[in-house]
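Residues in the sequence shown are numbered consecutively from 17, following the working numbering. Notes for the one structure printed next.
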Amino acid sequence: SDDTRINWQLLAIRALVKEGKTGQAVELFNQLPQELNDTQRREKTLLAVEIKLAQKDFAGAQNLLAKITPADLEQN
């Protein structure tokens, strides 16, 4: 299903960031569809911050973090 594919894509992005392959992570991140479930959207938001940190864009990471509220991270 699409959800399974998207979940694998999110896992792959996280792995690429951890391996220092930021360019590949960004490519895959940019291919994520707009339609995501809540869990996937949360993961995408956190990955965006991790990518900014990996790119040493600390101001960008801080801006993204400032937009995240505790409610955004709560699981229903």
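C-beta atoms are modelled at their ideal positions from N, C-alpha and C, and glycine is treated no differently. Keep in mind it's a predicted model, so treat the numbers as computed, not measured.
CA-CA distance, K83 and A70? One alpha carbon belongs to K83, the other to A70, and they sit about 19 Å apart.
Quick one: Cα of A28 to Cα of A41, how far? The C-alpha of A28 lies about 8 Å from the C-alpha of A41.
What would DSSP say about K34, mapped onto helix, strand or coil? It is helical.
Tell me whether A64 is buried or exposed, calling it buried when 16 or more other Cβ atoms sit within 10 Å of its Cβ. A buried status is given to A64, since no fewer than 16 other beta-carbon atoms sit within 10 Å of its beta-carbon.
Leaving out the 5 sequence neighbours to the left and right, which residues in its chain are closer than 6 Å to A77 when beta-carbon positions are compared? The answer, listed in chain order, is V65, K68 and L69.
Just the Cα atoms here: how many angstroms apart are F74 and N23? In a straight line, the C-alpha of F74 is about 26 Å away from that of N23.
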